[in-house]
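To start, the structure under review is shown below, and the notes come after it.
In the working numbering, the protein residues as written are 2 to 272.
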């Protein structure tokens, strides 16, 4: 039985090393220590006093209905309120993260679209001023534009992952009502803004689900995004609706390694 890894990297070892150096830019020593914890904690079954990474759900709402997403399931629709995290609660969480040396990074993202939060830009700025070494986010990119990108760059955003599932009609079918050429044009402008400002960060990562990339021609996808992104990857396609009869689910499995270094905070402060 084949088990899919959760991420496919379309790059060689040299390119991956360059990407890691970009991630650690400005905090290389701390970043190396963080990567050691990331890899060793699960193997040694060691839990740090405080998580090395915290995912903070700025919003559980999303304006899209991508067919592969958990947010389109009945479980989510019936059991999750579409809300934004209170800004004061966010500041409290960030302050606690910043008070522990073992914490290196936070990601402002989970189930919803983080840019829907009316104070998202302020959240990035607050986290960086509080001393969080790496602040990242994952977005479909619909609420981002060149002006806002430059503002977030100056606020200190370290890492921006943009979900682009395939190209052309494939992308537009999944990410409706977003348009592929508009999304591509904006990403090109983000790349130019970084070049103009001679800024390493925010790192721009483009990722999509493999079936969409394959359907729209994987080589074309890579040729399109490699010149304007710091990394291009493909994430696993999760069967959130449990409709894929070809998947052989593993019933007896060990603990998830993420438990040893990550904690997720929902918008209402539940873990």
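Just so you know, even glycine gets a beta-carbon here, dropped at the ideal spot from N, CA and C.
Along the chain, where does the beta strand (DSSP E) that runs through residue i open and close?
i           : result
residue 1   : The requested residue 1 is not part of the displayed model; the chain covers only 2 to 272.
residue 235 : 232–236
residue 162 : 160–164
residue 217 : Per DSSP, residue 217 belongs to no beta strand (DSSP E) and is neither H nor E.
residue 137 : 135–140
Anyone know if the C-beta pair for residue i and residue j falls short of 9 angstroms?
i           : j           : result
residue 95  : residue 265 : no
residue 158 : residue 202 : yes
residue 141 : residue 176 : yes
residue 223 : residue 20  : no
residue 234 : residue 206 : yes
residue 161 : residue 150 : yes
residue 61  : residue 268 : yes
residue 163 : residue 220 : no
residue 74  : residue 115 : no
residue 117 : residue 270 : no
Which of the three DSSP states is assigned to residue i in this structure?
i           : result
residue 291 : As shown, the chain starts at 2 and ends at 272. That puts residue 291 outside it, with no answer to give.
residue 269 : coil
residue 1   : With the chain covering 2 to 272 only, the question about residue 1 has no answer from this structure.
residue 9   : strand
residue 58  : coil
residue 72  : helix
residue 168 : coil
residue 175 : helix
residue 48  : coil
residue 125 : helix
residue 259 : helix
Excluding sequence positions up to five away, which residues of its chain have a Cβ less than 6 angstroms from the Cβ of residue i?
i           : result
residue 172 : 166, 181
residue 49  : 103
residue 16  : none
residue 110 : 138, 139
residue 258 : 43
residue 63  : 72, 113, 114
residue 230 : 205, 207
residue 67  : 175
Does residue i have its Cβ less than 9 angstroms from a Cβ in chain B?
i           : result
residue 181 : Among the protein chains of the structure shown there is no chain B, as only one such chain exists.
Tell me which residue opens and which closes the alpha helix (DSSP H) that residue i is part of.
i           : result
residue 44  : 29–45
residue 24  : 14–24
residue 184 : 181–198
residue 151 : 147–156
residue 114 : From DSSP, residue 114 is part of no alpha helix (DSSP H); its letter is neither H nor E.
Here's a check: name, in chain order, each residue in its chain whose Cβ is nearer than 7 angstroms to the Cβ of residue i, leaving out the five neighbours to either side.
i           : result
residue 131 : 95, 96, 99
Among residues of its own chain, excluding the 5 on either side of residue i, which ones have a beta-carbon nearer than 8 angstroms to its beta-carbon?
i           : result
residue 122 : 149, 152, 153, 156
residue 53  : 35, 38, 39, 42, 103, 104, 105, 106, 262, 263
Relative to the ligand COA, is the shortest distance from any of its heavy atoms to the C-beta of residue i smaller than 8 angstroms?
i           : result
residue 184 : With respect to small molecules bound, the structure shown includes none, and the ligand COA cannot be examined in it.
Does the segment 134–152 come within contact of the segment 188–202, defined as at least 3 CB pairs closer than 8 angstroms?
-> yes
Count the C-beta pairs between the segment 36–45 and the segment 86–102 that are closer than 8 angstroms, then say yes if the count reaches three, no if not.
-> no
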